[in-house]
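Reading through the structure tokens given below for one structure.
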Amino acid sequence: MKKITLILLLLLVVAPELLAKKLKFGIGIAYADISGVNAYKANSTRNTNTQVTNGLSVPFFLVSKTIADKFSLSYRYSYYGEIKSKGVSPDSDIFNQGGISLPVVTEYQFKERMHENTLAINYTILDKKQWLIALGPNLSVTRSNVEFFDVTQNNRSINIFSETDYSIGAELSASYNIHRNMNIIFNYRYSSTGNKDISLLELAMSYQF
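Residues in the sequence shown are numbered consecutively from 9, following my numbering.
The following block contains the structure:
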């Protein structure tokens, strides 16, 4: 709750600056690598297996704005689609929500849908001719909805969980102006929740109104 309040306060502080300057809107696609541990909670931890997802295509929508000399603020919404993975549960805890847990090994698969909202502040380190290069920190809020399936029972649905992750990361962006207010953006972005790492290579097209 404190983190959400901090994000809202930050938005209130920068809102006047955003309204006073021109906005850039962009759409793009990212190549994502995800690794780490998922901790899906429903009174207790459900999955502590390492997840590795490579080469995931992630569409995103981008809004950015210059807020001061050499500083820009951007908001990005990314949808990770349906991520499939598998693992083994050492007990029956995955079948219930905080009930009696028995030592039963269960092989399962899961499908995860991720929605990510990212706020970034970048500092321009190079602005020459048609190129602009910037870097800076970002803050992300990721909402995951996950459904587990029992592999030994013809992929019978076991349970559904939801999780919200907060992550801090950094990004490096290179923008090339191709025509007046139109730009091509190349971006590398990294974020970590402490138990999950996400690396993305992004390509986008933006237009400034």
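Where is the CB? At the ideal position from N, CA and C, for every residue including glycine.
key: Same chain only: Cβ atoms within 8 Å of I168, ignoring 5 sequence neighbours per side   = Same-chain partners within the cutoff: N153, V154, E155, F156.
message = If you follow the beta strand (DSSP E) that F194 is in, where does it begin and where does it stop?
response = Run containing F194: 190-200, per the beta strand (DSSP E) assignment.
task = With a cut-off of 8 Å on the beta carbons, I'd call T150 and E124 a contact; round off their distance for me.
result = About 5 Å; that satisfies the 8 Å criterion.
ask   = Is I176 near the ligand GDP, in the sense that its beta carbon is under 7 Å from a heavy atom of that ligand?
value = For the ligand GDP, the structure offers nothing, since it holds no ligand at all.
inquiry  = Does Q138 come out as helix, strand or coil in the three-state DSSP assignment?
reply    = Looking at Q138 - three-state DSSP - the assignment turns out to be coil, as it is neither helix nor strand.
inquiry  = Determine whether the beta carbon atoms of F194 and F33 lie at a separation below 8 Å.
reply    = It is not a contact, given that the beta carbons lie outside the stated cut-off.
task = Have a look at the DSSP bridge pairing and note the partners of D41.
result = DSSP, once it has assigned bridges, lists S207 as partnering D41.
message = Which residue wins for smallest C-alpha separation from N185, given the options S200, I141, Y196, L127?
response = Across the set S200, I141, Y196, L127, the C-alpha of I141 shows the shortest separation from the C-alpha of N185.
request  = Within the same chain, show all residues whose beta-carbon is closer than 8 Å to that of K49, passing over the 5 residues directly before and after it, in chain order.
outcome  = A caution first: K49 carries a pLDDT of 39, below 50, which makes its placement in the model too unreliable to give a value.
inquiry  = So the candidates are G144, S207, Y215; which of them puts its Cα closest to the Cα of S80?
reply    = Cα-wise, what sits closest to S80 is G144.
task = Mind checking who G36 pairs with in its DSSP beta bridge?
result = As a beta-bridge residue in DSSP terms, G36 pairs with F68, A212.
inquiry  = Strictly by DSSP, which residues pair up with F157?
reply    = Note: F157 is bridge-paired with Q117, S165 in the DSSP secondary-structure output.
query = Any idea if E90 is buried or exposed, counting beta-carbon neighbours within 10 angstroms, 16 or more meaning buried?
reply = So E90 ends up on the exposed side.
query = Who are the Cβ neighbours of K119 in its own chain at under 8 Å, not counting the five residues just before and after it?
reply = Sequence-distant Cβ neighbours of K119 in its own chain, meaning closer than 8 Å and more than five residues away, are E90, I91, K92, V154, E155, F157.
task = Would you identify the three-state DSSP class for L31, choosing helix, strand or coil?
result = L31 falls in the coil class under three-state DSSP.
key: Distance between A182 and M219 (C-alpha atoms, nearest Å)   = Nothing about residue 219 can be read from this structure; the chain reaches only from 9 to 217.
key: Three-state class that DSSP yields for D173 in the structure shown   = Correct three-state label for D173: strand.
message = Let me check understanding here. Comparing Cα to Cα, which of I35, L209, M190, L134 lies closest to Y198?
response = Answer by Cα proximity: L209.
key: C-alpha gap between L70 and R121, whole angstroms   = Their backbone Cα atoms lie some 20 Å apart in a straight line.
ask   = What number of angstroms, rounded off, separates the C-alpha of S207 from the C-alpha of A40?
value = Rounded to the nearest angstrom, the two C-alpha atoms are 6 Å apart.
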